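Its first residue numbered 0, the sequence shown is counted upward by one per residue in numbering that gives the first Met the number 0. Built from N, CA and C at the ideal position, the CB exists for glycine as well. Note that the coordinates shown come from a computational prediction; the quantities given were computed from them, not determined experimentally. Each remark here refers to the structure printed beneath this line.
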Amino acid sequence: MTDEQLGLGLDALEKRSVVERGAQKKKPRQPVKEAAAKLIQKALPKAETPKKAAPKTSEKQGNGAARAQNEKQDAPQKQQKQPKQGAKQQAGKQQAPKQQAPKQAAKQPAAPKTAAAKQAPKAPKKPSRGGKKAPVVVGATIELSEPGKARQAAEARQDAAKQQGRRRKGQKEQRKTPVRVIPLGGLLEVGKNVTVYECMDDMFLVDCGMTFPDENMLGVDLVLPDFTYVMKNRDKVRGIVITHGHEDHIGALAYFLKQLNVPVYATRLTLGLIENKLREHGLYGKVKLVQIAPQETIKLGCFEVEFIRVNHSIPDAVALAIHTPAGVIIQTGDFKIDYTPIIGDIIDLARFGELGGKGVLALLSDSTNAERPGFTPTEVTVAESFDKLFKQAEHKRIIVATFSSNIHRMQLVCEAAAKYGRKVAVSGRSMVNTVLVSTELGYLKPPEGVMIDIDDINRYRPEDVVLITTGSQGEPMSALSRMASGDHRKVSVTANDFIIISANPIPGNEKTVGRVVNDLMRLGADVIYERMYEVHVSGHACQEELKIMLALTKPKFFFPVHGEYKQLKRHAGLALAMGIPPENIFIGENGHVFELDGVSVKTGEIVPSGRILVDGLGVGDVGSIVLRDRKHLGEDGLIVVVTTIDGTNGQIVAGPDIISRGFVYVREAEDMLAEARTVAKQTIEGCTKKHVSDWGNLKTQVRDSLSSYFYSRTKRSPMILPVIQEV
Numbered sequence: 000m001t002d003e004q005l006g007l008g009l010d011a012l013e014k015r016s017v018v019e020r021g022a023q024k025k026k027p028r029q030p031v032k033e034a035a036a037k038l039i040q041k042a043l044p045k046a047e048t049p050k051k052a053a054p055k056t057s058e059k060q061g062n063g064a065a066r067a068q069n070e071k072q073d074a075p076q077k078q079q080k081q082p083k084q085g086a087k088q089q090a091g092k093q094q095a096p097k098q099q100a101p102k103q104a105a106k107q108p109a110a111p112k113t114a115a116a117k118q119a120p121k122a123p124k125k126p127s128r129g130g131k132k133a134p135v136v137v138g139a140t141i142e143l144s145e146p147g148k149a150r151q152a153a154e155a156r157q158d159a160a161k162q163q164g165r166r167r168k169g170q171k172e173q174r175k176t177p178v179r180v181i182p183l184g185g186l187l188e189v190g191k192n193v194t195v196y197e198c199m200d201d202m203f204l205v206d207c208g209m210t211f212p213d214e215n216m217l218g219v220d221l222v223l224p225d226f227t228y229v230m231k232n233r234d235k236v237r238g239i240v241i242t243h244g245h246e247d248h249i250g251a252l253a254y255f256l257k258q259l260n261v262p263v264y265a266t267r268l269t270l271g272l273i274e275n276k277l278r279e280h281g282l283y284g285k286v287k288l289v290q291i292a293p294q295e296t297i298k299l300g301c302f303e304v305e306f307i308r309v310n311h312s313i314p315d316a317v318a319l320a321i322h323t324p325a326g327v328i329i330q331t332g333d334f335k336i337d338y339t340p341i342i343g344d345i346i347d348l349a350r351f352g353e354l355g356g357k358g359v360l361a362l363l364s365d366s367t368n369a370e371r372p373g374f375t376p377t378e379v380t381v382a383e384s385f386d387k388l389f390k391q392a393e394h395k396r397i398i399v400a401t402f403s404s405n406i407h408r409m410q411l412v413c414e415a416a417a418k419y420g421r422k423v424a425v426s427g428r429s430m431v432n433t434v435l436v437s438t439e440l441g442y443l444k445p446p447e448g449v450m451i452d453i454d455d456i457n458r459y460r461p462e463d464v465v466l467i468t469t470g471s472q473g474e475p476m477s478a479l480s481r482m483a484s485g486d487h488r489k490v491s492v493t494a495n496d497f498i499i500i501s502a503n504p505i506p507g508n509e510k511t512v513g514r515v516v517n518d519l520m521r522l523g524a525d526v527i528y529e530r531m532y533e534v535h536v537s538g539h540a541c542q543e544e545l546k547i548m549l550a551l552t553k554p555k556f557f558f559p560v561h562g563e564y565k566q567l568k569r570h571a572g573l574a575l576a577m578g579i580p581p582e583n584i585f586i587g588e589n590g591h592v593f594e595l596d597g598v599s600v601k602t603g604e605i606v607p608s609g610r611i612l613v614d615g616l617g618v619g620d621v622g623s624i625v626l627r628d629r630k631h632l633g634e635d636g637l638i639v640v641v642t643t644i645d646g647t648n649g650q651i652v653a654g655p656d657i658i659s660r661g662f663v664y665v666r667e668a669e670d671m672l673a674e675a676r677t678v679a680k681q682t683i684e685g686c687t688k689k690h691v692s693d694w695g696n697l698k699t700q701v702r703d704s705l706s707s708y709f710y711s712r713t714k715r716s717p718m719i720l721p722v723i724q725e726v
């Protein structure tokens with residue numbers, strides 16, 4: 000369309016408008032403009048169609064419509080310039096009915112629409128004569144790809160489904176067969192991890208760990224979970240699934256299997272470590288051990304348990320995707336995200352994302368490092384630190400203390416030792432067992448000829464030896480603690496030793512680790528510990544890794560596990576920040592039952608979940624009363640009162656004699672003990688006069704009188720044990 004044609008079209012439209020206004024003076028010009036706008040919308044796209052051009056009449060009408068549209072945009076400016084009309088004239092204009100567009104304008108023939116014309120974009124509007132530009136529609140010429148169109152259609156369907164869901168808001172979601180999740184350990188504490196899954200007549204356990212006693216458990220060796228609830232439902236138990244080979248996940252397994260022999264499912268290295276424990280307890284060959292691998296699935300009753308590879312400080316660690324009638328529940332076990340692991344493959348994040356895309360009912364995630372921001376460093380950073388430290392200790396013997404199960408760290412020590420021409424020996428029973436198992440199964444691969452027996456270390460110069468030992472947590476009976484105290488039979492620490500403690504103290508062990516470090520330094524050794532160098536990285540995920548797990552799985556319900564309350568609380572805060580509603584986050588306690596039916600979580604029921612103490616060969620025979628007596632004896636000592644009484648008349652034949660242990664030094668307290676004998680004698684004689692013949696009552700009277708006397712003299716309350724003999 001040329002400028003000349005455009006001008007002719009505008010002139011013709013103006014002339015026709017003048018004639019029509021003369022015939023109908025009070026009719027508004029708006030219908031003419033609307034008709035012109037319709038004409039230009041039909042005319043312009045057809046004029047741009049290459050196959051078939053629009054007729055000239057349509058071009059002129061379209062040009063006139065464009066001019067009319069510009070006049071419409073300029074109308075407010077013209078109205079401001081027009082003089083004010085009378086009130087009657089304005090009222091007449093307001094009451095005038097809307098007029099239809101002229102028939103001859105409406106009946107103008109339109110060019111047939113072709114496919115090209117339908118897809119052709121609208122022609123841009125010309126700027127008005129007043130200088131204003133027509134508004135530009137952003138994205139008007141952009142066309143969606145086929146996947147984009149499919150996505151747009153899917154979004155439209157989702158919106159329709161949401162609207163339909165709002166209409167059905169009153170209807171409840173369909174509930175499914177409920178699944179019970181029962182943590183018996185690992186909540187509000189570090190270690191002793193065990194979780195029970197129960198559905199209908201089927202039950203299985205995830206992990207079976209132990210923990211070490213705290214400072215108040217005098218004489219106790221190990222602390223086990225309470226399996227009372229499991230034993231009451233022993234007919235339902237289908238097996239035990241183990242996530243990895245650390246003591247806080249397998250330490251109680253042998254004690255449990257003595258009570259209930261069920262199959263054990265674990266990875267290759269984990270089963271190798273379990274076999275050692277079964278040998279110690281006389282169960283080797285009596286328990287069914289089933290080896291599984293990542294990406295495999297086993298069936299336990301109505302459950303299907305899928306194994307997913309994760310990274311940890313021990314190889315062959317797995318997470319579990321538990322397929323239940325109520326939905327998929329993921330339990331991560333202990334994990335971190337390490338893209339450059341020393342042994343094994345990286346974590347299978349793709350599978351977590353795939354499960355999250357299909358829908359995850361609940362996530363039970365490791366909370367050990369929930370207080371630490373950022374990411375857990377890779378094990379490769381420790382290799383770089385070892386290289387620097389081995390070079391620094393060029394003329395000294397190197398002793399490396401680490402966890403007995405940290406096979407990654409042992410591999411790094413062996414490689415560094417081979418690089419600097421040293422031999423490696425191992426000290427500590429648990430360390431020796433782990434090295435034997437991991438080497439036999441092919442996980443630990445020391446360079447050829449680098450390993451020697453600890454009995455042969457004296458055949459080499461100190462600067463040619465590296466010793467890997469237990470005791471990184473300051474355990475009293477560990478190899479490093481015995482070296483520090485000078486009690487180790489094969490190793491004596493001197494100023495010619497360079498000691499690396501390749502571990503961070505577990506919360507609560509700081510004092511014991513500090514005591515061992517002080518003792519080693521007194522012997523003249525150089526000690527590298529804690530954060531002096533990067534000689535240790537954690538095996539647990541920090542905050543950003545925990546967020547990644549939440550983002551991938553997108554669980555409906557979230558349960559932080561494995562940690563003290565402060566760690567569980569911080570992990571719950573991360574889940575809240577990731578968009579999980581607060582009512583769907585649960586911080587539980589050991590023994591609290593969570594029942595999931597796919598729609599909600601039911602809580603309130605509690606099952607037994609105490610602690611079983613192991614002291615020597617005794618399992619469970621040491622309880623709170625025994626611990627209380629031990630604490631009492633340790634704090635205040637013991638007083639024994641021995642008296643012989645005539646059975647016929649109740650008269651004192653011999654005594655009372657006072658024996659003190661751990662209360663006072665007898666030679667410096669003879670006067671006080673003599674007065675104590677008098678108090679005991681008077682108490683017994685008083686009971687005789689009152690004809691008290693019950694020995695229990697008599698002992699109570701003696702105990703109470705002596706307790707009051709000793710407290711008045713010393714402000715201490717020793718344990719008092721009366722011994723009365725009858726003749």
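*Cutoff 6 Å; reference Pro111; Cβ partners in own chain excluding five residues on either side*: In the sequence shown, the residue the question calls residue 111 occupies position 112. Any reading at Pro111 needs caution, since the residue's pLDDT is 44, under 50, leaving its predicted position unreliable; the model's value is listed next. Around Pro111: no qualifying Cβ.
*On the three-state DSSP scale, how would you describe Lys553?*
As a first step, residue 553 must be located in the sequence shown, where it is residue number 554. If DSSP states are grouped into helix, strand and coil, Lys553 belongs with coil.
*Expressed to the nearest angstrom, what Euclidean distance is found between the alpha-carbon atoms of Lys698 and Thr682?*
On the sequence shown, residue 698 is found 699 positions in, with the first residue counted as 1. On the sequence shown, residue 682 is found 683 positions in, with the first residue counted as 1. Straight-line Cα distance between these residues: approximately 10 Å.
*Taking the alpha-carbon positions, what's the Gly281 to Val652 distance?*
Sequence index remark: in the sequence shown, residue 281 carries index 282 (1-based). Sequence index remark: in the sequence shown, residue 652 carries index 653 (1-based). Distance between the alpha carbons of Gly281 and Val652 is about 54 Å.
*Any chance you could list the alpha helix (DSSP H) runs of at least 4 consecutive residues sitting entirely within the region 270–325, in chain order?*
Within the region 270–325, complete alpha helix (DSSP H) segments of at least 4 residues are not found at all.
*Cβ of Val640 within 7 Å of Cβ of Ala679?*
On the sequence shown, position 641 is the one that residue 640 refers to. On the sequence shown, position 680 is the one that residue 679 refers to. In contact: Val640 and Ala679 (Cβ atoms closer than 7 Å).
*Is the distance from the Cβ of Cys413 to the Cβ of Pro445 below 7 Å?*
Within the sequence shown, residue 413 is the residue found at index 414, counting from 1. Within the sequence shown, residue 445 is the residue found at index 446, counting from 1. In contact: Cys413 and Pro445 (Cβ atoms closer than 7 Å).
*Which one or two residues does DSSP pair with Glu594 in a beta bridge?*
Stepping through the sequence shown from its first residue, residue 594 is reached at position 595. DSSP output for Glu594 lists Arg179 and Lys601 as bridge partner(s).
*Evaluate Gln157 with the Cβ neighbour count: other Cβ atoms within 10 Å of its Cβ, from every protein chain shown; 16 or more gives buried, anything less gives exposed.*
By 1-based counting over the sequence shown, the position of residue 157 is 158. Exposed, since its Cβ has fewer than 16 Cβ neighbours within 10 Å.
*From what residue to what residue does the alpha helix (DSSP H) around Ile342 run?*
Within the sequence shown, residue 342 is the residue found at index 343, counting from 1. Note, Ile342: premise wrong, no alpha helix (DSSP H); not H, not E.
*Under the assumption that Asp206 contacts Val193 (Cβ atoms under 8 Å), give the Cβ distance between them as a whole number of angstroms.*
The residue you call residue 206 lines up with position 207 of the sequence shown. The residue you call residue 193 lines up with position 194 of the sequence shown. So it is a contact: roughly 5 Å between Cβ atoms.
*Give the C-beta separation of Asp333 and Glu378 to the nearest angstrom, bearing in mind that I take them to be a contact with Cβ-Cβ under 8 Å.*
The count along the sequence shown starts at 1 and reaches residue 333 at position 334. The count along the sequence shown starts at 1 and reaches residue 378 at position 379. Contact doesn't hold; Cβ gap of about 15 Å is too wide.
*What is the DSSP secondary structure of Phe255, counted as helix, strand or coil?*
As a position in the sequence shown, residue 255 is number 256, starting the count at 1. In the three-state DSSP reduction, Phe255 falls in the helix class (H, G or I).
*Quick one: give me the first and last residue of the alpha helix (DSSP H) that Phe389 is part of.*
Reading the sequence shown from its first residue, position 390 is the one you call residue 389. Looking at the DSSP string, the run of the alpha helix (DSSP H) that includes Phe389 is Val379 to Gln391.
*Alpha-carbon spacing of Ala392 relative to Glu188, whole angstroms*: As a first step, residue 392 is located in the sequence shown; it is residue number 393 there, counting from the start. As a first step, residue 188 is located in the sequence shown; it is residue number 189 there, counting from the start. Each residue's alpha carbon lies about 39 Å from the other.
*Would you mind giving the Cβ-Cβ distance between Lys276 and Asn260, rounded to the nearest angstrom? I have them listed as a contact below 8 Å.*
Here residue 276 refers to the residue found at position 277 of the sequence shown. Here residue 260 refers to the residue found at position 261 of the sequence shown. Not really, about 14 Å apart at Cβ, beyond 8 Å.
*Could you pull the start and end residues of the alpha helix (DSSP H) that Val701 belongs to?*
Looking up residue 701 in the sequence shown gives position 702. In the DSSP assignment, Val701 falls within the unbroken alpha helix (DSSP H) covering Trp694 to Thr713.
_Bridge partner(s) assigned by DSSP for Phe497_ = Within the sequence shown, residue 497 is the residue found at index 498, counting from 1. Note: Phe497 sits in a beta bridge opposite Ile397 and Asp525.
*How do the region 218–229 and the region 355–372 stand: do at least 3 beta-carbon pairs fall below 8 Å, yes or no?*
No, the region 218–229 is not in contact with the region 355–372.
*asked:* By DSSP's criteria, Ser426 is part of a beta bridge. Which residues make up the other side?
replied: Sequence index remark: in the sequence shown, residue 426 carries index 427 (1-based). Bridge partners of Ser426: Thr468.
*asked:* Output needed for Glu405: all residues of its chain with C-beta closer than 6 Å, excluding positions within five of it in sequence on either side, in chain order.
replied: Residue mapping note: residue 405 aligns to position 406 of the sequence shown, counting from 1. Correcting the residue type first, residue 405 is Asn in the shown sequence and not Glu. If we look at Asn405 and ignore the five residues flanking it on each side, its Cβ neighbours are Ser312.
*Sequence-distant residues of the same chain with beta carbon closer than 7 Å to Arg702, five excluded per side*: Your numbering for residue 702 matches position 703 in the sequence shown. Correct list, in chain order: Ile719 and Pro721.
*Using the C-alpha atoms, what's the distance from Ile397 back to Gly473?*
Translated into the one-based positions of the sequence shown, residue 473 becomes position 474. Translated into the one-based positions of the sequence shown, residue 397 becomes position 398. One C-alpha to the other measures close to 18 Å.
*Any beta strand (DSSP E) of 3 or more consecutive residues that is wholly inside the region 530–589*: If we require 3 residues or more, the beta strand (DSSP E) runs fully inside the region 530–589 come out as 554–560.
*Mind checking who Cys198 pairs with in its DSSP beta bridge?*
Here residue 198 refers to the residue found at position 199 when the sequence shown is read from its first residue. DSSP, once it has assigned bridges, lists Asp201 as partnering Cys198.
_Suppose the cutoff is 6 Å on Cβ atoms and the five residues either side in sequence are ignored; what does the same chain contact list for Lys175 look like?_
Translated into positions along the sequence shown, residue 175 becomes position 176. Result list for Lys175: Pro324, Ala325, Asp596 and Gly597, in chain order.
*How big is the Cα-Cα spacing for Leu545 and Val222?*
As a working note, residue 545 is residue 546 in the sequence shown. As a working note, residue 222 is residue 223 in the sequence shown. Distance between the alpha carbons of Leu545 and Val222: 29 Å.
*Leaving out five residues on either side along the sequence, give the residues of the same chain with a beta carbon under 8 Å from the beta carbon of Ala22.*
Translated into positions along the sequence shown, residue 22 becomes position 23. Per-residue confidence for Ala22 stands at a pLDDT of 46, beneath the threshold of 50, marking its modelled position as unreliable; no derived number is given.
*Measuring CA to CA, which of Pro655, Val613, Pro607 and His561 is closest to Ala253?*
The count along the sequence shown starts at 1 and reaches residue 253 at position 254. Comparing Cα-Cα distances from Ala253 to each of Pro655, Val613, Pro607 and His561, the minimum goes to Val613.
_In this structure, how does DSSP classify Val640 when only helix, strand and coil are distinguished?_
Walking along the sequence shown from the start, residue 640 turns up at place 641. Residue state, collapsed to three classes: strand.
*Pick helix, strand or coil for Gln330, following the three-state DSSP scheme.*
Taking the first residue of the sequence shown as position 1, residue 330 is located at position 331. Under the three-state reduction of DSSP, Gln330 is assigned to strand.
*Alpha carbon to alpha carbon, what distance is there between Thr602 and Lys422?*
Here residue 422 refers to the residue found at position 423 when the sequence shown is read from its first residue. Here residue 602 refers to the residue found at position 603 when the sequence shown is read from its first residue. Lys422 and Thr602: Cα-Cα distance of roughly 57 Å.
*Between the Cα of Met476 and the Cα atoms of Arg308, Gly300 and Thr511, which residue gives the shortest distance?*
Locating residue 476 in the sequence shown gives position 477, counting from the first residue. Ranking the options by Cα distance to Met476, first place goes to Thr511.
*Between Pro146 and chain C, is there a C-beta pair that is closer than 7 Å?*
Judged by its chain identifiers, the structure shown contains no chain C, having just a single protein chain.
*Among Val431, Lys418 and Thr433, nearest to Val449 - alpha-carbon criterion*: Numbered from its first residue, the sequence shown carries residue 449 at position 450. It is Lys418 whose Cα lies nearest to the Cα of Val449.
*Under 7 Å, do Ala318 and Thr331 count as touching if we go by C-beta distance?*
Mapped onto the sequence shown, residue 318 falls at position 319. Mapped onto the sequence shown, residue 331 falls at position 332. In this structure, Thr331 lies closer than 7 Å to Ala318 by Cβ.
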